[in-house]
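Residue numbers (this note's numbering): 15 to 287. Note that CB positions come from ideal geometry on N, CA and C, so glycine has one too. Computed from a predicted model, the values in this text were never measured in an experiment. Note sheet for the following structure.
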């Protein structure tokens, strides 16, 4: 079944050391890896118990013929988020009309699909994916798989307007109070639809994240126990950046892999209501 436009459908890691990344994430999440071969710059597919999770690639292996999207900053390790679209070319046109900058133009990725990458008006990198043979990652909610996606936005109102116009977001104020008991409202956090159906959120970070850090998308991966997962991150050469802390959605921590790519750990079973 074709995924609704605006739904996160793929994720990939641009890394400066593929072998270290495989060891790190393999130990942390139990992932398996399959090399797609030289025609695709040795793009590596990630699976978990047979289900697709995403992909990763050493930035040094990018082909020069345009067959694989090149990251905007080839020296930086980072996770990229892809949103499903019905028509890449149409959505790319909408994106540029609403202030986005094209980082990688619309391009076919073999029979898998068609993609493009832009920087939204606040500078956050977001990719779009029109599925061919590959619909996207398999959502299971199980440990080692993505369970939430979130835009950290310096210009909250502009972000809502952009993702509504380009990706058909339906911004809805998050209903669940945060861990400190404070209610959220439409000026601080919205999901891309009613909470029970939502797959991503937009967070207003003005006032608690320096403007110099810009805006960015981040990914939450499920784990069995957050504190234990943090220990594994550190043992494997990664870094704890924030947390762990309790929330209504689980115990959460922000970490970085050994090359500096950041992501979130979330243990839904440790949710505090």
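Mind checking which residues open and close the beta strand (DSSP E) that includes residue i?
{"i": "residue 265", "result": "265–270"}
{"i": "residue 259", "result": "253–259"}
{"i": "residue 167", "result": "160–167"}
{"i": "residue 62", "result": "58–62"}
{"i": "residue 48", "result": "46–49"}
{"i": "residue 275", "result": "That residue, residue 275, is in no beta strand (DSSP E); it is neither H nor E in DSSP."}
{"i": "residue 205", "result": "203–205"}
Taking only the alpha-carbon atoms, compute the straight-line gap between residue i and residue j and give it to the nearest angstrom.
{"i": "residue 252", "j": "residue 270", "result": "6 Å"}
{"i": "residue 40", "j": "residue 246", "result": "11 Å"}
{"i": "residue 126", "j": "residue 147", "result": "5 Å"}
{"i": "residue 209", "j": "residue 28", "result": "30 Å"}
{"i": "residue 281", "j": "residue 201", "result": "27 Å"}
{"i": "residue 141", "j": "residue 99", "result": "10 Å"}
{"i": "residue 218", "j": "residue 228", "result": "12 Å"}
{"i": "residue 163", "j": "residue 183", "result": "13 Å"}
{"i": "residue 62", "j": "residue 275", "result": "20 Å"}
{"i": "residue 212", "j": "residue 186", "result": "9 Å"}
{"i": "residue 20", "j": "residue 157", "result": "24 Å"}
{"i": "residue 23", "j": "residue 47", "result": "19 Å"}
{"i": "residue 65", "j": "residue 105", "result": "28 Å"}
{"i": "residue 236", "j": "residue 279", "result": "6 Å"}
{"i": "residue 14", "j": "residue 216", "result": "Since the first residue of the chain shown is 15 and the last is 287, residue 14 is not available in this structure."}
{"i": "residue 68", "j": "residue 224", "result": "30 Å"}
{"i": "residue 143", "j": "residue 250", "result": "32 Å"}
Output needed for residue i: all residues of its chain with C-beta closer than 7 Å, excluding positions within five of it in sequence on either side, in chain order.
{"i": "residue 196", "result": "Low per-residue confidence applies at residue 196: pLDDT is 45, beneath 50, and the placement is therefore not dependable, though the value from the model is reported in the following sentence. Counting only Cβ-Cβ distances below 7 Å, and skipping sequence neighbours, we find nothing."}
{"i": "residue 258", "result": "240, 241, 244, 265, 266 and 267"}
{"i": "residue 49", "result": "56 and 58"}
{"i": "residue 277", "result": "93, 232, 233, 235 and 269"}
{"i": "residue 152", "result": "65 and 66"}
Using a 10 Å radius around the Cβ and a threshold of 16 neighbouring Cβ atoms, would you call residue i buried or exposed?
{"i": "residue 255", "result": "exposed"}
{"i": "residue 33", "result": "exposed"}
{"i": "residue 52", "result": "exposed"}
{"i": "residue 110", "result": "exposed"}
{"i": "residue 92", "result": "buried"}
{"i": "residue 248", "result": "exposed"}
{"i": "residue 222", "result": "exposed"}
{"i": "residue 160", "result": "buried"}
{"i": "residue 150", "result": "buried"}
{"i": "residue 214", "result": "buried"}
{"i": "residue 220", "result": "exposed"}
{"i": "residue 74", "result": "exposed"}
{"i": "residue 26", "result": "buried"}
Which two residues bound the contiguous alpha helix (DSSP H) that contains residue i?
{"i": "residue 34", "result": "32–43"}
{"i": "residue 179", "result": "170–181"}
{"i": "residue 225", "result": "That residue, residue 225, is in no alpha helix (DSSP H); it is neither H nor E in DSSP."}
{"i": "residue 109", "result": "102–111"}
{"i": "residue 244", "result": "240–249"}
From the DSSP output, read off the bridge partner residues of residue i.
{"i": "residue 115", "result": "133"}
{"i": "residue 26", "result": "69 and 94"}
{"i": "residue 219", "result": "Partner(s): none; residue 219 has no beta bridge."}
{"i": "residue 141", "result": "96 and 131"}
{"i": "residue 187", "result": "204"}
{"i": "residue 123", "result": "127"}
{"i": "residue 234", "result": "162 and 278"}
Whose C-beta lies closer than 6 Å to the C-beta of residue i among residues of the same chain, with five residues either side of it excluded?
{"i": "residue 177", "result": "183"}
{"i": "residue 230", "result": "138 and 166"}
{"i": "residue 179", "result": "112"}
{"i": "residue 114", "result": "132 and 134"}
{"i": "residue 122", "result": "128"}
{"i": "residue 205", "result": "186, 188, 212 and 215"}
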